[in-house]
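Encoded as structure tokens, the structure appears first; notes follow it.
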């Protein structure tokens, strides 16, 4: 085993959440792939409050391989924050971000490195298909990306996700943005730099199940849309304008009808439906405002992005720390 290198070529950042069974196969394939790429490296595993024995497995891997390091959060802070923590700790001239479930093939990193050496600073993996995803999730994802492309401030490359290589300059740009409602896919696109995609096929999950349920996906989509678009706020201006025009037209209709046919007795069902409808519109618009206000509230509190309960480094005992 080689000694640790202060400034390796590549830092591999790997968020971990209940992935104990996948860690050892991932470590073996990753080490082999980076050896083929001919680069010095370090791997930073970020345990995002796992409930299984993931951290025990990481301690064992770090004891065997001095180029591995691990951070353990004090609780679950989410994958987006785990990526930020790993990048904070990365020392390499470039950083590779990948999942720990082996759906991101480590062998693709060889192609990432080749593109990086050609001068690209943001090399992203581009999924060739979504056959491994449930049908409803695929439909939901496509709708979300179409909405973001049409109304958002950034354009996301089709099939691009977290699996990518970022040059040190791109990493530093990303780390300068400390927002708490993080939508990393949008941040990768926002920072720009010379970019290129590398097509790859998503491998089947080696063990376990996806941790992203429908509720978390909806929350993630809202973070993305509200972080990179103000259209949810603006749309209510047009909704209000349309309702006002409709109300004026309806008033004109009833005035003409009254002039021609006399006064009608108003219908109770019409009144109830109208009140319910407009009350619903008002509550929805207040809800959208509340989502933005909640995000502002979280930002101004100024709390740290994450807290580290334990660090594990090569040839050192585990130690507790705070970020």
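In my numbering, the protein residues as written are 1409 to 1731.
All C-beta atoms in this analysis are idealised placements derived from N, C-alpha and C, irrespective of residue type, glycine included.
Option nearest residue i by Cα separation, candidates the options
i, options, result
"residue 1472", "1462, 1436, 1457", "1436"
"residue 1439", "1456, 1420, 1699", "1420"
"residue 1464", "1576, 1479, 1475, 1565", "1479"
"residue 1457", "1423, 1703, 1443", "1423"
"residue 1649", "1689, 1668, 1665", "1689"
"residue 1532", "1700, 1695, 1569", "1569"
"residue 1586", "1451, 1446, 1697, 1708", "1708"
"residue 1491", "1528, 1574, 1664", "1574"
Whole-Å CB distance - residue i paired with residue j, under 8 Å assumed
i, j, result
"residue 1602", "residue 1530", "7 Å"
"residue 1595", "residue 1496", "Actually they do not touch by this definition, with Cβ atoms about 14 Å apart."
"residue 1453", "residue 1416", "That pair is no contact at about 15 Å."
"residue 1431", "residue 1469", "6 Å"
"residue 1643", "residue 1519", "Going by Cβ atoms, the distance from residue 1643 to residue 1519 rounds to 41 Å, so no, they are not a contact pair."
Where the beta strand (DSSP E) through residue i begins and ends
i, result
"residue 1579", "Element bounds for residue 1579: not the beta strand (DSSP E) but the alpha helix (DSSP H), 1576-1583."
"residue 1421", "1418-1424"
"residue 1477", "1476-1481"
Beta-carbon contacts of residue i that lie in its chain and below 7 Å, excluding the five residues immediately before and after
i, result
"residue 1599", "1578, 1581, 1582"
"residue 1714", "1481, 1485, 1489, 1493, 1731"
"residue 1562", "1594, 1597, 1598, 1636"
"residue 1459", "1426"
"residue 1409", "Below a pLDDT of 50, predicted positions are generally treated as unreliable, and residue 1409, at 38, falls in that range; the measurement from the model is reported next regardless. For residue 1409, where only same-chain residues beyond five positions count, the Cβ hits under 7 Å are 1473, 1474."
"residue 1461", "1428"
"residue 1411", "Only weak support is given to the placement of residue 1411: the predicted model assigns it a pLDDT of 44, under 50, and the value that follows is read from those uncertain coordinates. Taken in chain order, the residues that qualify are 1474."
"residue 1444", "1518"
Beta-bridge partners of residue i, as assigned by DSSP
i, result
"residue 1605", "1532"
"residue 1450", "1419"
"residue 1503", "1419, 1574"
"residue 1455", "1424, 1480"
"residue 1568", "1534"
Residue i - containing alpha helix (DSSP H), residue span
i, result
"residue 1489", "1487-1497"
"residue 1521", "1517-1525"
"residue 1718", "Looking at the DSSP string, residue 1718 is not in any alpha helix (DSSP H); the run it does join, the beta strand (DSSP E), is 1716-1720."
"residue 1462", "1462-1472"
"residue 1594", "1592-1599"
Own chain partners of residue i with C-beta closer than 8 Å, once the 5 adjacent residues on each side are dropped
i, result
"residue 1726", "Because the pLDDT at residue 1726 is just 45, under 50, the model does not fix this residue reliably, and the point stays unresolved."
"residue 1576", "1500, 1501, 1502, 1503"
"residue 1711", "1588"
"residue 1647", "1689, 1693"
"residue 1651", "1686, 1689"
"residue 1507", "1422, 1423, 1570, 1571"
"residue 1414", "1499"
"residue 1664", "none"
Cβ shell of residue i (< 6 Å), same chain only, five flanking positions each side left out
i, result
"residue 1567", "1534, 1535"
"residue 1455", "1424, 1462, 1463, 1480"
"residue 1483", "1457"
Chain C contact for residue i (CB, 7 Å cutoff)
i, result
"residue 1491", "Looking for chain C here will not work: only one protein chain is present."
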